[in-house]
Amino acid sequence: MNPERTISFDDWIRFYFDRTEGDWAFDPDAEEPAWLERPLDLTEHFIRLHDSANQVLRPYSSFQIGQGLWSLYSGASDFGAPYTKRAVPRKHMHRAIRAVGTLVREFLPRRLSRNDLGEIHGALYMFWDITPIWPHKTGPYEAEDLDVCLSEMQGCLTVDHPTAHYHALQGLGHFALINPSRCREIIDLWLETRPALDNALREYAARARDGDVQ
């Protein structure tokens with residue numbers, strides 16, 4: 060196997076996170092690394108990162124982590140969202156989505172204070188906005204995709220951290236456009252368990268319920 064067509068997990072982590080401020084913009088005119096042509100390998104790296112984030116991301120600043128996660132989640136360039144590439148089996152995409160939920164549950168509350176609205180918050184809050192996943196209502200595969208996505212969001216609502224709530228509500232607000240009844244049911248059930256929820260989150264939940272998020 061040509062080593063230039065592969066990248067080790069450690070090198071991949073350094074590529075995305077070991078950067079300085081202003082150094083995350085990938086040059087669109089530069090030749091892309093050959094390892095981008097192996098999205099299944101990169102999806103495995105993505106899952107490993109999210110399943111062990113507390114250990115793997117410990118050396119990096121919150122700014123570096125947030126910027127790196129944004130680059131990994133975004134579909135704006137070929138460097139992001141490897142789990143959505145055509146060569147990646149659906150079961151691996153599902154594992155990747157579930158792994159994001161693992162990071163939200165296990166890494167977020169330990170690393171981020173409840174009032175930190177910095178880069179990590181921004182990347183997780185906007186995950187469902189910037190990652191190119193939009194399952195539809197028809198067909199068995201699309202229904203399974205929808206179940207996996209909504210399950211991730213519903214699970215993240217149970218995490219005792221506002222960033223987790225915004226992450227989930229952002230997704231539910233988008234997916235309410237294709238399955239409003241299920242998304243509203245998830246939000247309503249969650250609100251019943253949160254009588255003391257602050258006004259900002261309660262208002263955002265109401266907007267998500269109507270599919271009115273950006």
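Just add 59 to wherever you are in the sequence shown, counting from 1, and you've got the working numbering. Beta carbons: idealized from backbone N, C-alpha and C, even for Gly.
Between the beta-carbon of residue 267 and that of residue 228 there is about 4 Å, and that keeps the pair under the 8 Å contact cut. The residue among 246, 145, 120, 132 with its C-alpha nearest the C-alpha of residue 225 is 246. Linking residue 90 to residue 264 through their CA atoms gives a straight-line distance of about 43 Å.
Burial check for residue 123: the Cβ neighbour count within 10 Å reaches 16 or more, so the residue is buried.
Contact between residue 215 and residue 163 holds: their C-beta atoms lie close to 5 Å from each other, under 8 Å. Residue 253 is classed as exposed because its beta carbon has fewer than 16 other beta carbons within 10 Å across all chains shown. Boundaries for residue 144: no alpha helix (DSSP H) harbours it, and the DSSP string shows neither H nor E there. By the CB criterion at 8 Å, residue 201 and residue 195 fall inside the cutoff. In the displayed model, residue 79 falls within coil according to three-state DSSP, outside both helix and strand. When C-alpha distances from residue 273 are compared across 197, 222, 188, the shortest belongs to 188.
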